Structures are given as structure tokens and as C-alpha cells.
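One structure below.
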Amino acid sequence: MRKLKRMLISIALVLLAGACGVFALLLHHSPVFEKGERYELYYGSSSSRMTVGANPIKDKLLSGKVTGESVRLSGDRREELQTRYQAELLFVEEACGVVNYYYYSPVLGGGVRLGEYAVNLHIAVSAEQTAAGTPLIFGGF
1 MRKLKRMLIS
11 IALVLLAGAC
21 GVFALLLHHS
31 PVFEKGERYE
41 LYYGSSSSRM
51 TVGANPIKDK
61 LLSGKVTGES
71 VRLSGDRREE
81 LQTRYQAELL
91 FVEEACGVVN
101 YYYYSPVLGG
111 GVRLGEYAVN
121 LHIAVSAEQT
131 AAGTPLIFGG
141 F
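Quick look at the structure:
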């Protein structure tokens, strides 16, 4: 009876460890941003882009190494995103009616060098929408 009990406990511990591993894998592959009007994943470079369908977690799990993500959201969501990611504003650029904000967020880690700055959060705001990307928004806005 004791042997059976130990065996059942061992099986339960193995199943629990497996469940924790799956949870960690899903957490690691969860989308950085909330789902918006368009969610994109980047693979390797700015020219390799894929628009994500209804399940960004599945797409990240099946697609390989993701080097960046971006999302389009309606309205001006810059302050909300800056607060959520505890981001420090580094510099701002404006062109063609779009204001680009470049940040460093300790929540996101990683990043790219732009001049003298390490940037890992890029937020672009136009009159109608906000785009957010990590480390940058690749492609057009």
C-alpha cells in the first residue's frame, strides 16, 4: 500500500512539473501588447513580417524566434502604454502628422541602439491611432 501511495505521489509530481513547464512556455510566448486592430510579429529583420491571426500565442509558439512585435490601437494610447511598461521617454520625432516617441522600458528588456540611446519601446501616434512596437515599429505606420 505504501509503495502504491509513493508511486501515485511521484506520478502527481511529474504531472505537476509538466504543467508548470507548459505554463512557463505559454507565458514566455504570450503577446507583449494587448490585441489591437492589427498585431504583427517580426522574424529576423524588418522585412520579414507576419500579421498575426486570432491567436498570437499559438503563432509565437509555432513560428520560431520572434525578434519584435507591434500592434495598432485606435485613439491616442501613448500615456497608457508608457505607464503600463514603466517606460522612460528618451526622445521624440515628428514627421507627416505622426509623433514618434522612443522609450526604454525595464519591463521589456533587450532593445536596439539608436544613436546614444538603448530603445526597446517605440510608440507612434497619429490623429486616429496609436502604434506600439518592441523594440521598434518596423515597416510603415
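Mind the numbering: the sequence shown is residues 1 to 141 in our numbering, read in order. Backbone N, C-alpha and C define an ideal beta-carbon position, used for all residues, glycine too. Just so you know, these numbers come straight off a predicted model, no measurement behind them.
- Minimum Cα-Cα distance from residue 134 among the listed residues 123, 9 and 38 corresponds to 123.
- With 16 or more other Cβ atoms inside 10 Å of its own Cβ, residue 68 counts as buried.
- Rounded to the nearest whole angstrom, the CA to CA distance from residue 106 to residue 89 is 12 Å.
- Within the same chain, Cβ atoms closer than 7 Å to the Cβ of residue 111 are found at 104, 118, 119, 120 and 135, the five residues on either side in sequence being excluded.
- The alpha-carbon of residue 126 is positioned some 10 Å away from that of residue 94.
- Here residue 83 is exposed, its C-beta having fewer than 16 other C-beta atoms within 10 Å.
- Secondary structure of residue 77 (DSSP, three-state): coil.
- Nearest C-alpha to residue 74 among 138, 42, 34 and 10: 34.
- According to the DSSP assignment, residue 91 belongs to the beta strand (DSSP E) that extends over 88-95.
- Check the Cα spacing between residue 99 and each of 4, 3, 128 and 6: the tightest is with 128.
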